[in-house]
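Each step along the sequence shown adds one to the number in the working numbering, with nothing skipped, and position 76 is 58.
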Amino acid sequence: MRKVKKCYLKVLKVELEDLEDDIEQLIEETKKEKNAGKLTNYVFFQNIALFKNELLALNVFENIINGVNPEEFETLDEMIEYLKKLFFQKIKILGLAEAIQIYVERKMMKARKYVLERE
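What follows is the structure in structure tokens.
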């Protein structure tokens, strides 16, 4: 089980990098739409602010992951619940966009499914 938990954290980090890339791509697409005159300044800046906020939240979660010792948990699900709970608390405390929770939770479940299928 120890190996599964370590593998999970590695896969989760890759999934989070993918999510980060997606958000960066949304920023670029938003800039293109603004330059093409499809967005007002207000909408453009609101969208960019949200995307940057989500990137900040991902950095917070990556720091949480880096601080976790998988050996402290009996099961993978126990570790996942701990990560989720701590991340969601940080989101509220720091006033970050709560929408990122949905994306991160999906990535967490995807990584869980991946490692359990290969166990």
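Even for Gly, the Cβ is constructed at its ideal location relative to N, Cα and C.
Given that a residue counts as buried once 16 or more other Cβ atoms are within 10 Å of its Cβ, and exposed if not, what is residue i?
i	result
Lys89	buried
Tyr(-10)	buried
Phe27	exposed
Ile84	exposed
Glu1	The residue asked about is misnamed: residue 1 is Leu in this sequence, not Glu. With 16 or more Cβ atoms within 10 Å of its Cβ, Leu1 is classed as buried.
Val97	buried
Alpha carbons only, please: which of the options is nearest the one belonging to residue i?
i	options	result
Glu87	Ala39, Val25, Tyr24	Ala39
Asn35	Ala79, Val(-14), Glu11, Leu98	Ala79
Ile30	Pro52, Ala18, Gly19, Gln7	Gln7
List the whole-angstrom C-beta distance separating residue i from residue j, where the pair is believed to meet the contact cut-off of C-beta under 8 Å.
i	j	result
Glu15	Lys92	Rounded, the Cβ-Cβ distance is 29 Å, inconsistent with contact.
Leu65	Val50	7 Å
Arg94	Leu58	7 Å
Any chance the stretch 39 to 51 sits against the stretch 59 to 76, with 3 or more Cβ pairs inside 8 Å?
Because the criterion of three Cβ pairs below 8 Å is met, the stretch 39 to 51 and the stretch 59 to 76 touch.
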